[in-house]
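Numbering (our numbering), first residue to last: 442 to 901.
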């Protein structure tokens with residue numbers, strides 16, 4: 442049970458246990474026609490009309506029921522079943538004090554998602570003003586019916602702020618919390634990963650993302666040292682720190698280092714300039730992998746390029762016959778990105794045609810620690826790779842960490858199980874002439890050999 446859920450249950454118990462008003466029918470109500478000092482019977486009931494600025498400025502007391510009219514939805518609905526939480530942000534106008542979180546619980550969040558609520562909708566919302574943790578306000582609702590979609594609004598432009606205004610989780614103006622903001626021309630200090638719960642930093646600004654559904658936008662595919670043109674999202678306080686909560690891939694504008702030096706081939710254009718949902722046509726790819734343990738997928742690369750040349754192909758049809766290693770193929774599909782890995786989703790098996798066969802020739806690298814985004818999806822060969830002995834997680838999930846490069850691993854996605862991979866490999870030490878497909882997995886690069894033939898020796 443989350444802290445927020447516990448607090449809600451305690452509040453409900455207190456409200457049911459403590460009736461601080463007069464007891465109807467008890468004879469204790471002392472209002473009368475000539476009693477001007479006591480007006481409890483004349484006190485209006487029901488929610489009051491308020492603007493978001495009224496709520497954030499302190500003009501409305503906490504635990505007051507309010508109606509906010511003409512707000513614009515600025516994010517998708519995030520819905521977290523594990524913590525029984527859901528919500529989205531709304532805004533009226535632009536600048537500090539104009540935005541607020543609308544919070545509810547998972548079942549209601551599911552109903553809101555089903556209602557089709559979307560970014561840009563203009564809404565009227567009836568809810569209760571709350572400050573659950575003493576550091577940010579929210580408009581709390583209990584039912585999807587508390588939201589009325591009244592039309593299509595104008596999405597407010599983000600408020601451009603300096604990185605110093607949000608550095609290290611502090612905020613120069615508390616009114617920015619709940620508002621769309623943007624920082625510009627920053628450099629990534631720390632990339633997202635398991636070690637930081639996918640909260641990354643650029644010029645000391647914390648950047649994160651709520652999980653918008655099953656196919657969640659989780660984080661940008663950025664690494665330390667990347668130059669970022671702009672980062673846009675809602676400023677939100679989480680675990681005491683103010684973070685920019687990005688919403689989609691387009692909220693983080695950057696170019697992968699080295700993309701300006703490509704030959705502009707189809708796969709390179711996809712990896713450097715493609716966006717989720719783009720229609721994609723790729724020709725002359727050579728298949729470099731078998732099917733992974735999770736099925737319905739292979740990796741392929743353009744043999745004419747040596748950077749940004751690889752891509753994952755994923756079929757939605759479970760019964761499809763996949764092309765084999767060495768097949769030359771043409772592909773039509775839709776661009777996507779899954780946890781950092783560029784892929785093309787193929788909805789119709791007829792959209793892949795085998796046009797010939799050739800050699801799946803690996804690109805030669807000098808050092809495993811040199812692997813970067815420009816190798817993603819490509820078959821590589823490395824003369825010597827030293828790996829650490831497997832610890833508990835490595836053995837459980839099937840990988841070896843490259844010594845001295847904690848974000849580069851040798852992985853097992855082409856083995857049926859981590860146990861089989863551990864049995865077929867050696868221990869920590871040197872791998873001679875390793876060949877494998879580079880996959881970006883949650884901002885870690887994994888070199889995935891395809892069979893035991895993809896190395897000459899392992900820690901002998």
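In this text, a Cβ means the ideal position worked out from N, Cα and C, and glycines have one as well.
Annotation: residue 836 to residue 863 spans about 7 Å, alpha carbon to alpha carbon. Between residue 780 and the set 661, 490, 537, the nearest pair of CA atoms involves 661.
Taking a cut-off of 8 Å for Cβ pairs, the segment 516-527 and the segment 544-555 touch, as three or more such pairs fall below it. Note on residue 626: under 16 other CB atoms within 10 angstroms of its CB, so exposed under the neighbour-count rule. Here residue 823 is buried: its Cβ has 16 or more other Cβ atoms, across all protein chains shown, within 10 Å. Just measuring C-alpha positions, the residue of 644, 761, 678 sitting nearest residue 620 is 678.
According to the DSSP assignment, residue 529 belongs to no alpha helix (DSSP H) but to the beta strand (DSSP E) extending over 526-532. Around the beta carbon of residue 757, a 10 Å sphere encloses fewer than 16 other beta carbons of the protein chains shown; the residue is thus reported as exposed.
Boundaries of the alpha helix (DSSP H) around residue 709: 707-714. Check the Cα spacing between residue 800 and each of 729, 554, 696, 636: the tightest is with 729. Classified as exposed, residue 504 has fewer than 16 neighbouring CB atoms from the shown chains inside 10 Å of its CB. Going by beta carbons, residue 709 and residue 778 fall outside the 8 Å limit. Restricting attention to 530, 873, 580, the CA atom closest to the CA of residue 488 is found in 580.
Here DSSP, grouped into helix, strand and coil, assigns residue 753 to strand.
Residue range 493-498 is occupied by the alpha helix (DSSP H) that includes residue 493. When 651, 564, 680 are compared, the shortest CA-CA separation from residue 574 is found for 680.
Bridge partners of residue 846 according to DSSP: 843.
Under the rule that a run must span 4 or more residues, the alpha helix (DSSP H) segments found entirely inside the segment 542-592 read 547-556. Residue burial annotation: residue 609 is exposed, with fewer than 16 other C-beta atoms found within 10 angstroms of its C-beta.
Of 676, 588, 637, 492, the smallest CA-CA separation from residue 576 is found for 676.
For residue 690, the three-state secondary structure derived from DSSP is helix. Counting the other Cβ atoms within 10 Å of the Cβ of residue 557 gives fewer than 16, which makes it exposed. The C-beta separation of residue 891 from residue 851 comes to about 12 Å, leaving the pair out of contact by the 8 Å criterion. Scanning 759, 628, 737, 754 for the CA closest to the CA of residue 696 turns up 628. Ranked by Cα distance from residue 705, the first of 719, 684, 749 is 749. When beta bridges are read from the DSSP output, residue 819 appears opposite no residue.
Cβ neighbours of residue 766 within its own chain (closer than 7 Å, five residues either side excluded): 728, 729, 730, 731, 801. For residue 643, the uninterrupted beta strand (DSSP E) segment begins and ends at 641-643. With respect to the C-alpha of residue 875, the residue from 771, 828, 845 having the closest C-alpha is 828. With fewer than 16 other CB atoms across the displayed protein chains lying within 10 angstroms of its CB, residue 592 is exposed. Of the residues 879, 700, 687, the one whose Cα lies closest to the Cα of residue 641 is 687. Residues of the same chain with a CB within less than 6 Å of the CB of residue 712, apart from the 5 flanking positions on each side, are 749, 783 in chain order. Classified as exposed, residue 611 has fewer than 16 neighbouring CB atoms from the shown chains inside 10 Å of its CB. Judged by pairs of C-beta atoms under 8 Å, the segment 807-817 does not touch the segment 787-799, as fewer than three such pairs exist. Residue 887 is bridged by DSSP to 850, 880. For residue 720, the uninterrupted beta strand (DSSP E) segment begins and ends at 720-728.
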